[in-house]
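Numbering (our numbering), first residue to last: 1362 to 1467.
Just so it is clear, CB atoms sit at the ideal spot from N, CA and C, and this is done for glycine as well.
Quick caveat: nothing in here was measured; it's all calculated off a predicted structure.
Accompanying notes for the structure given below.
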């Protein structure tokens, strides 16, 4: 009888160890799933950030091109005015466009 009890205890011990291992496995699998989700979300965020930066650079370039064109037109249309005045106006225009761009970004 005593031998049977010992065998039963040993069996129960093995069963509880097996259950612990199974629980640990499913916890590990869940952790890996969460990690993978977090990693792909992070990657997606980086891609979106990169797109936003590229978009901003394109807009800035566009604003600079516009400012240069304005400067050239002003210089052609008003040869009597000093070049410094024309440059100042173009710079002011560029600043206004940048401010409006920043407001749109917010």
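Proximity winner among the options, relative to residue i (alpha-carbon distances)
i: residue 1432; options: 1449, 1420, 1423, 1382; result: 1449
i: residue 1458; options: 1447, 1403, 1437, 1424; result: 1424
i: residue 1467; options: 1417, 1365, 1389; result: 1417
i: residue 1456; options: 1428, 1445, 1436; result: 1428
Environment of residue i [buried if 16+ CB atoms lie within 10 Å]
i: residue 1451; result: buried
i: residue 1447; result: buried
i: residue 1392; result: exposed
Separation of residue j from residue i, as counted between CA atoms
i: residue 1386; j: residue 1378; result: 12 Å
i: residue 1426; j: residue 1419; result: 10 Å
i: residue 1406; j: residue 1461; result: 25 Å
i: residue 1383; j: residue 1365; result: 27 Å
i: residue 1397; j: residue 1390; result: 10 Å
i: residue 1414; j: residue 1444; result: 33 Å
i: residue 1400; j: residue 1435; result: 52 Å
i: residue 1388; j: residue 1380; result: 12 Å
i: residue 1370; j: residue 1362; result: 12 Å
i: residue 1453; j: residue 1395; result: 51 Å
i: residue 1403; j: residue 1422; result: 29 Å
i: residue 1408; j: residue 1464; result: 23 Å
i: residue 1411; j: residue 1430; result: 29 Å
Span of the alpha helix (DSSP H), counted from its first residue to its last, around residue i
i: residue 1453; result: 1444-1466
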